[in-house]
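Trainee: Protein chains in written order, with this note's numbering: chain U, 43 to 200; chain L, 111 to 859. From the three backbone atoms N, C-alpha and C, an ideal C-beta is built for every residue, glycine too. Model, not experiment: these values are computed from the prediction. Have a look at the structure that comes next, please.
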């Protein structure tokens, strides 16, 4: 019999209480149990960054975290960036610079970028490259993504 | 009307908001009620004879619905493929590549499907696998394909799928006229498209038909294939094609959709199969190639002849391998005035992943060889590497391939721009080097696109287009055209794509065709609306049609000007309604042409780079990368730059780090993101600049040409040339990994 776990966590400010399969990752739970599919699945080995979310203020690859480890945590996903339907500065900057091409990596890029700006509100281009090095973009919109993060720097509310 | 988001505007991407909020739904994000989960059973080798499959333990697991094998599919096994119908729905008695499915499990959950896969017992005998050109062409080589399913021909008893001969002039006679002849062989490794979205498929029975969701570039080809395999009328096959999360050629054609359709029909319920990244690596790849080039020049650098022997290592099924070999090779000699050219091109079957084109469609492989060999000839002659290119480059309107479309741009302008931006001829410090290369690619040789535009009563519009918007931004381009032609703002235009039951036919999304072909179809649909408005106004005002002109959203009658939304309101009157326009764009086939048609346009790019090479580690750093494309007209400059810079970085990655590695048993050894490296934000050129040459001389709306392959066509020879310039090391195999460069430095003479 599959082992289950009762998980309580806050996702984008909303308390969630779900019975999950104990072996499932946070990525599985966000997508399949909570139903928030903005967080993307690609490599599931922590290399591509498509599944990046912010857990208790830190960016993590949600494919590498057992959901049970997030019990009691505050999780922010891409859906939580514009809760009132108004884009935040980073999202707007991504649109302005044309950073989102196919878009599949963008939720992960946004979460890594947000975490960067929270710890370093005015990053240098090199710091941005470093902070986003774990987020692959095959469209290779890296120049536009970096430009977007620079443009948004300082405007993100923590 | 740039200020309203019309043509030439730096308009925001249509669909951009969904992409930054997470609302954009890719195939794996689409909720389908009552869906079951499929998982493939594969073997840990490339080539094997299947002795038996015992599915009893898997099927006994509660929650597992069934395990499907070849025995459960129609006899003979249905086969399909874009050019040759040789790919079975599932391995039939034998696997031919690492990752080919021998069975598929359908279960209530993904976990159960995975567990059941481990319970399927497959007894099999491993057979010798061919994964190199040498092995495939050896006289006693195992035949990858049974001659019985091959098209009859002289090569049917070999692993040569197809052989093409192109060329002009008399190479043997010309060779006697050359002062300098340089011959070398250049290798391009197999690579993978690596879209960040792995392929996803869902199928569901739909009354007496079927619905299929797929992350596909060519939904209408998929519709046709599924209909044929299932024996259904095309009208009973509905394909939903949500925007692919990147494709790069790897999502062009049908792969596992027929299998998922059979699973869904048997289950009587929707079934989904979302591939892992490792499975996506095993679903498709780009062909590797070995290109032998002999170039003859005069002492002053004038080209006398070129002689090519091209071998493309394709997979076990033809897929698009034959076409990549043909179309890539046809332009082997590039954009130059070469009096005599001989090209032999062969596509070679092997026990490896079936191949789709990847960005560039065979052109990067041949360009790598040609441009590198041209450099070697120039150096042998003591001619400047830029000068040899400018000297031999065809002029505007001059043919580079006799009988094909002549040069459709001022290509020297592009090359001179790149040379100026890299400061060609200025000195570099010790340890640094400079290279320049030119890429040219035929756009589509045939094409057919339809579009419908509905001009709604309030002056907004809906565009229907069968293009797949996989990141290139097709939606935005079409909306900009409609905004321009109907005189409305961009935020009043909606674009509907991705549903073959609703949106009219489009041949495919490839070859950078969409801005030109579908762009013209959208433009023609707008013109159809304009015609209808004019006819109705002529009737209402009792004047001749000819007295009314409509241009770019404005109607003029004598001195009177009226915006089209106002005209529309008058025409519709109190009844309301809408005016519907239909548009078509085609590029007809030419039966006697070797490629079935001439180039609709050329993608032309010149890339110049400065690199630094670390002599201790062999590591190459691109200091400066200049890419200049002849784009005709940049309908949306932000998207043009995004596409071209993306191509430039992808090209750099393919030059420096990307290759698939096969083990002796034909297993792919570097499946997935850890072992197959692509550029990250830490691997970028220190400086990257993309420039567009705009002379409005393309065949698309307002003079556009396709641009999306761009810099990738010629990045590799430019970087390799710069490495040689920096170090003297000549490397003719890609990638230029630190290890390979380091070895070349040690062996340098």
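Whose C-alpha, out of 462/L, 263/L and 381/L, is nearest the C-alpha of residue 770/L?
Mentor: Translated into positions along the second chain, residue 770/L becomes position 660. With distances taken between Cα atoms, residue 770/L lies closest to 462/L.
Trainee: Return the chain-ordered list of same chain residues with a C-beta closer than 7 Å to the C-beta of residue 630/L, the five sequence neighbours on each side being excluded.
Mentor: By one-based count along the second chain, residue 630/L stands at place 520. If we look at residue 630/L and ignore the five residues flanking it on each side, its Cβ neighbours are 695, 810 and 811.
Trainee: Would you mind telling me which residues of chain L sit closer than 7 Å to residue 185/U, beta carbon to beta carbon, in chain order?
Mentor: What you label residue 185/U is simply residue 143 of the first chain in a count that begins at 1. The answer, in chain order, is 755 and 798.
Trainee: Taking all protein chains shown into account, decide if residue 161/L is buried (16 or more other Cβ within 10 angstroms of its Cβ) or exposed.
Mentor: Here residue 161/L refers to the residue found at position 51 when the second chain is read from its first residue. It counts as exposed.
Trainee: Mind checking which residues open and close the beta strand (DSSP E) that includes residue 415/L?
Mentor: For the purposes of this step, residue 415/L is identified with residue 305 of the second chain, where counting begins at 1. It spans 413–423 - the beta strand (DSSP E) in which residue 415/L sits, taken as one unbroken run.
Trainee: Who are residue 48/U's beta bridge partners in DSSP?
Mentor: Here the question's residue 48/U lines up with position 6 in the first chain. DSSP, once it has assigned bridges, lists 61/U as partnering residue 48/U.
Trainee: If you measure between the beta carbons of residue 371/L and residue 142/L, is that distance less than 8 Å?
Mentor: Locating residue 371/L in the second chain gives position 261, where the first residue counts as 1. Locating residue 142/L in the second chain gives position 32, where the first residue counts as 1. Not a contact, by the Cβ cut-off of 8 Å.
Trainee: Who are the Cβ neighbours of residue 835/L in its own chain at under 7 Å, not counting the five residues just before and after it?
Mentor: The sequence position of residue 835/L within the second chain is 725, counting from 1. Correct list, in chain order: 543, 544 and 545.
Trainee: Please state whether DSSP places residue 525/L in a helix, a strand or coil.
Mentor: Here residue 525/L corresponds to residue number 415 of the second chain, with the count starting at 1. The answer is helix: DSSP assigns residue 525/L an H, G or I state.
Trainee: Which residues, in order along the segment 145–178 of chain U, keep a beta-carbon less than 8 Å from a beta-carbon of chain L?
Mentor: Correct list: 145, 146, 147, 148, 149, 152, 170, 171, 172, 174, 175, 176, 177 and 178.
Trainee: For residue 671/L, name the three-state secondary structure that DSSP assigns.
Mentor: For the purposes of this step, residue 671/L is identified with residue 561 of the second chain, where counting begins at 1. Strand at residue 671/L.
Trainee: Between residue 55/U and residue 149/U, is the Cβ-Cβ spacing less than 8 Å?
Mentor: Reading the first chain from its first residue, position 13 is the one you call residue 55/U. Reading the first chain from its first residue, position 107 is the one you call residue 149/U. Their beta carbons are not under 8 Å apart, which means residue 55/U does not touch residue 149/U by this criterion.
Trainee: Taking buried to mean at least 16 other C-beta atoms within 10 Å of its own C-beta, is residue 104/U buried or exposed?
Mentor: Translated into the one-based positions of the first chain, residue 104/U becomes position 62. Buried: at least 16 other Cβ atoms inside 10 Å.
Trainee: Suppose the cutoff is 6 Å on Cβ atoms and the five residues either side in sequence are ignored; what does the same chain contact list for residue 142/U look like?
Mentor: Reading the first chain from its first residue, position 100 is the one you call residue 142/U. Around residue 142/U: 136 and 148.
Trainee: Return the chain-ordered list of same chain residues with a C-beta closer than 6 Å to the C-beta of residue 126/L, the five sequence neighbours on each side being excluded.
Mentor: Numbered from its first residue, the second chain carries residue 126/L at position 16. Closer than 6 Å at Cβ, skipping near neighbours: no residue.
Trainee: Starting from the beta carbon of residue 105/U, find every residue of chain L whose beta carbon is closer than 9 Å, and list them in chain order.
Mentor: Counting from one through the first chain, the residue named residue 105/U turns up at place 63. Here the premise fails: no neighbours, minimum Cβ distance about 11 Å.
Trainee: Give the residues of chain C in contact with residue 382/L, contact being defined as C-beta atoms less than 8 Å apart.
Mentor: Of the protein chains in the structure, U and L, none is chain C.
Trainee: Specify the secondary structure class of residue 852/L as computed by DSSP and reduced to three states.
Mentor: Counted from its first residue, the second chain places residue 852/L at position 742. In this structure, residue 852/L counts as helix in the three-state DSSP scheme.
Trainee: Residues bridged to residue 310/L by DSSP?
Mentor: Here the question's residue 310/L lines up with position 200 in the second chain. Answer is 384/L, bridged to residue 310/L.
Trainee: Could I get the ranges of all uninterrupted alpha helix (DSSP H) runs contained in the segment 730–775 of chain L, with 4 residues as the minimum, in chain order?
Mentor: DSSP runs (the alpha helix (DSSP H)) wholly in the segment 730–775 of chain L: 747–766.
Trainee: Once the 5 residues before and after residue 175/L are set aside, which same chain residues still bring their CB inside 7 Å of it?
Mentor: Locating residue 175/L in the second chain gives position 65, counting from the first residue. Once the five neighbours on either side are set aside, the close Cβ partners of residue 175/L are 146, 216, 217 and 377.
Trainee: Looking at C-beta atoms only, is the number of pairs between the segment 397–407 of chain L and the segment 287–306 of chain L that lie closer than 8 Å three or more?
Mentor: With the cut-off at 8 Å, the segment 397–407 of chain L and the segment 287–306 of chain L touch.
Trainee: Please confirm if residue 122/L has its CB atom under 8 Å from at least one CB of chain U.
Mentor: Here residue 122/L refers to the residue found at position 12 when the second chain is read from its first residue. Closer than 8 Å to some Cβ of chain U, the Cβ of residue 122/L qualifies, so yes.
Trainee: For residue 877/L and residue 581/L, I'd like the C-alpha separation in whole angstroms.
Mentor: The shown model of chain L, from 111 to 859, leaves out residue 877/L, and the question about it has no answer.
Trainee: Assuming residue 440/L is part of the alpha helix (DSSP H), what are its boundary residues?
Mentor: Residue mapping note: residue 440/L aligns to position 330 of the second chain, counting from 1. 431–440 is the extent of the alpha helix (DSSP H) around residue 440/L.
Trainee: Verify whether the separation of the beta carbon atoms of residue 733/L and residue 721/L is less than 8 Å.
Mentor: For the purposes of this step, residue 733/L is taken as residue 623 along the second chain, with counting starting at 1. For the purposes of this step, residue 721/L is taken as residue 611 along the second chain, with counting starting at 1. Closer than 8 Å, so yes.
Trainee: For residue 278/L, which of helix, strand or coil comes out of DSSP?
Mentor: Numbered from 1 along the second chain, position 168 holds the residue referred to as residue 278/L. DSSP places residue 278/L in strand when its eight states are reduced to three.
Trainee: For residue 55/U, go through chain L and note every residue whose CB falls closer than 9 Å to its CB, in chain order.
Mentor: One-based indexing of the first chain puts residue 55/U at position 13. Simply none; closest approach about 15 Å.
Trainee: Would you give the residue range spanned by the beta strand (DSSP E) that residue 293/L belongs to?
Mentor: Within the second chain, numbered from 1, the residue matching residue 293/L stands at position 183. Counting along the chain, the beta strand (DSSP E) containing residue 293/L begins and ends at 290–298.
Trainee: Per DSSP, residue 100/U forms a beta bridge with which residues?
Mentor: Here the question's residue 100/U lines up with position 58 in the first chain. Per DSSP, 97/U.
Trainee: Do we get a CB-CB distance below 8 Å when we pair residue 50/U with the residues of chain L?
Mentor: If you number the first chain from 1, residue 50/U lands on position 8. No, no contact with chain L.
Trainee: Quick one: is residue 324/L near chain U, going by C-beta distance under 8 Å?
Mentor: Here residue 324/L is taken as the residue at index 214 of the second chain, counted from 1. It does not; no Cβ of chain U falls within 8 Å.
Trainee: Starting from residue 77/L and walking both ways along the beta strand (DSSP E), at which residues does that stretch end?
Mentor: In the structure displayed, chain L extends from 111 to 859; residue 77/L sits before or after that span and is not available.
Trainee: Mind checking if residue 532/L is an interface residue toward chain U, Cβ cutoff 8 Å exclusive?
Mentor: Residue mapping note: residue 532/L aligns to position 422 of the second chain, counting from 1. Chain U, which has no Cβ nearer than 8 Å to the Cβ of residue 532/L, makes this no.
Trainee: DSSP on residue 77/U, reduced to helix/strand/coil?
Mentor: Working through the first chain from its first residue, we reach residue 77/U at position 35. Reduced to three states, the DSSP call for residue 77/U is coil.
Trainee: Count the other CB atoms within 10 Å of the CB of residue 612/L; is the residue buried (16 or more) or exposed (fewer)?
Mentor: Indexing the second chain from 1 puts residue 612/L at position 502. By the 10 Å Cβ count, residue 612/L comes out exposed.
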